[in-house]
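Below is one structure; the comments refer to it alone.
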Amino acid sequence: MKTSGNTILITGAASGIGLEIAKLFSGKNNKLIMVDKSADLLETEAKKLNNSTAITTDLTNDNDLNKLIQTIKLNHSDLNVAILNAGAANDYSLYSNEFDLAYAKSEMGTNYFANIRLTHALEPILNNKKEAAFVVQHLASRLFLISIIQLIV
Numbered sequence: 001m002k003t004s005g006n007t008i009l010i011t012g013a014a015s016g017i018g019l020e021i022a023k024l025f026s027g028k029n030n031k032l033i034m035v036d037k038s039a040d041l042l043e044t045e046a047k048k049l050n051n052s053t054a055i056t057t058d059l060t061n062d063n064d065l066n067k068l069i070q071t072i073k074l075n076h077s078d079l080n081v082a083i084l085n086a087g088a089a090n091d092y093s094l095y096s097n098e099f100d101l102a103y104a105k106s107e108m109g110t111n112y113f114a115n116i117r118l119t120h121a122l123e124p125i126l127n128n129k130k131e132a133a134f135v136v137q138h139l140a141s142r143l144f145l146i147s148i149i150q151l152i153v
């Protein structure tokens, strides 16, 4: 697959791996759709890159996710690469009195359900392209697995 001339969606694009991916592709004549829930940071970083659009979205919020999907369908039908990089990993113990199920729900919303929804919604767009790719980053899921293994051991 070519690395230039693409329209690329990147979730978790305001910092870390997502931002570095955006920087890498920005210099290669690509159109970037940068998505993150950190509005100020996302706007700041997107302004530094060529041909980038910042869309503030909380992937755990159904309304935000629906708006993102509609925006892509209406304004970015040329999308041909989706890099689903956003991830959440909280540091908590299942055995702690301070355990809050909201942490686990937030992680699953970001790491699992958002990726399922985005893949389902964007597949018809990408399926019609000559060259297309879905990339799903699972680092947060691995961190969760490591904590489960530690719990079992």
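Quick note on my numbering: the sequence shown kicks off at 1 and runs consecutively. The beta-carbon is built from N, C-alpha and C at its ideal position, and this holds for glycine as well.
(message) Using CA atoms only, rank isn't needed, just tell me which of K130, L32, A88, A133 is closest to N50.
(response) Taking the first residue of the sequence shown as position 1, residue 50 is located at position 50. Looking at the Cα atoms, L32 is the closest of the given residues.
(request) Give every residue of the same chain whose Cβ lies closer than 6 Å to the Cβ of G109, excluding the five residues on either side of it in the sequence, and list them in chain order. (result) The residue you call residue 109 lines up with position 109 of the sequence shown. Cβ within range, chain order: T60.
(message) Quick check on DSSP: helix, strand or coil for P124?
(response) To locate residue 124, count along the sequence shown from 1; it is residue 124. Note: P124 maps to helix in three-state DSSP.
(message) Let me confirm a value: L151 is counted as buried when at least 16 other C-beta atoms fall within 10 Å, else exposed. Which label applies?
(response) Here the question's residue 151 lines up with position 151 in the sequence shown. Note that L151 has pLDDT 42, beneath the 50 cutoff, so the model's placement of it is unreliable and the number below is only indicative. Exposed.
(request) Enumerate, from N- to C-terminal direction, the unbroken alpha helix (DSSP H) stretches of 4 or more residues contained entirely within the stretch 50 to 101. (result) 62 to 75
(request) Note down, in chain order, each residue of its chain lying with its Cβ closer than 6 Å to the Cβ of I69, except the 5 sequence neighbours on either side. (result) Working through the sequence shown from its first residue, we reach residue 69 at position 69. Correct list, in chain order: A121.
(message) Just verifying my parser: in three-state terms, what is the DSSP assignment at Q150?
(response) The sequence position of residue 150 within the sequence shown is 150, counting from 1. Summary for Q150: the model assigns pLDDT 42, below 50, so the residue's position carries little reliability; its value from the coordinates is reported in the next sentence. Three-state DSSP puts Q150 in a helix.
(message) Would the stretch 41 to 49 count as touching the stretch 3 to 19 if we require 3 or more Cβ pairs under 8 Å?
(response) yes
(request) Determine the contact status of L79 and L9, defining contact as a CB-CB distance below 8 Å. (result) Here residue 79 refers to the residue found at position 79 of the sequence shown. Here residue 9 refers to the residue found at position 9 of the sequence shown. Yes, the pair counts as a contact, with Cβ atoms nearer than the cut-off.
(message) By the three-class DSSP mapping on this structure, what secondary structure does M108 have?
(response) Here residue 108 refers to the residue found at position 108 when the sequence shown is read from its first residue. DSSP places M108 in helix when its eight states are reduced to three.
(message) To the nearest angstrom, how far is the alpha carbon of N115 from that of V81?
(response) On the sequence shown, position 115 is the one that residue 115 refers to. On the sequence shown, position 81 is the one that residue 81 refers to. Cα to Cα, N115 sits roughly 14 Å from V81.
(request) Please name the residue or residues paired with K31 in a DSSP beta bridge. (result) Residue mapping note: residue 31 aligns to position 31 of the sequence shown, counting from 1. Paired residue(s): T7.
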